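Rendered as C-alpha cells:
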C-alpha cells in the first residue's frame, strides 16, 4: 500500500504517528548494520560478537540474545542461560520475528537459522490462497533482519501438491539459498 502526501511535513507526521502506535503495541525499531552482517557472512561465528557489541551500544535486545545463545553453545544445559534466552525471546518477540509470525524457529546467535511452516489444515479449503500465504510467510521471514542467515525451511502439508511445493521452495535468500524440506503423510522431500 502506498500513500501520497502534499508535502514532506505531513508524510513525516504520519510516519511518526505510525511508529508511536506500533511502539505502544510493543514493537521496537531495531538496528541493522549491513556491513557487519556481511562480515558475519564472511568470517562466521566470531563476527557475531562484534555485531553484538555494536548492537549493545544502541541498547538493542538482540545484542544480549546473541551473547546468551553464544554462551549456550558451550554450556547447553545451563538453566540460567536457558531461562534468560526464553525471557529475551518472549519479551522482544516483536523485534526478533516478522509481525504476527510465531512459527517455530531455529535460532543461532540471535538470528533465525530455520523456520517450520505448518499448513496441515490449509489445503482442503482453498489450496491456491493458502499456497500463496505460505510463500508470503516464508518471504517475509527471509526479508526480516532476523532472517539474514536463514538456511532451512520446513513446510508440513497434509497432501503434497507438487506445483505449490516447488513455488514455495523457489524462494531463496542469501548467497547460498535456502534448503527446503516438505513432508506429508508417508512422504518427505527437499531441495
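Residue numbers (the numbering used here): 3 to 193.
Beta carbons are placed, not taken as given, at the ideal position from N, Cα and C, and that holds for glycine.
These numbers were taken from a predicted model, which means no experiment stands behind them.
First through last residue of the alpha helix (DSSP H) which encompasses residue i
i: residue 35; result: Premise fails: residue 35 is in no alpha helix (DSSP H) and is neither H nor E.
i: residue 52; result: 48-59
i: residue 96; result: 95-98
Residue i burial status per 10 Å Cβ neighbour count (16 or more: buried)
i: residue 93; result: exposed
i: residue 100; result: buried
i: residue 194; result: Residue coverage of the chain in this structure runs from 3 to 193, which leaves residue 194 outside it and unanswerable.
i: residue 34; result: exposed
i: residue 19; result: exposed
i: residue 14; result: exposed
i: residue 85; result: exposed
i: residue 136; result: buried
i: residue 150; result: buried
i: residue 77; result: exposed
i: residue 234; result: In the structure as shown, the chain begins at 3 and stops at 193. Residue 234 is therefore absent and cannot be evaluated.
i: residue 62; result: buried
i: residue 143; result: buried
i: residue 139; result: buried
N- and C-terminal bounds of the beta strand (DSSP E) containing residue i
i: residue 107; result: 107-110
Residue i - DSSP class collapsed to helix/strand/coil
i: residue 72; result: helix
i: residue 78; result: coil
i: residue 9; result: coil
i: residue 146; result: coil
i: residue 63; result: helix
i: residue 44; result: helix
Bridge partner(s) assigned by DSSP for residue i
i: residue 116; result: 108 and 154
Residue i and residue j closer than 7 angstroms at C-beta
i: residue 50; j: residue 38; result: no
i: residue 70; j: residue 87; result: yes
i: residue 112; j: residue 68; result: yes
i: residue 118; j: residue 156; result: yes
i: residue 65; j: residue 58; result: yes
i: residue 114; j: residue 83; result: no
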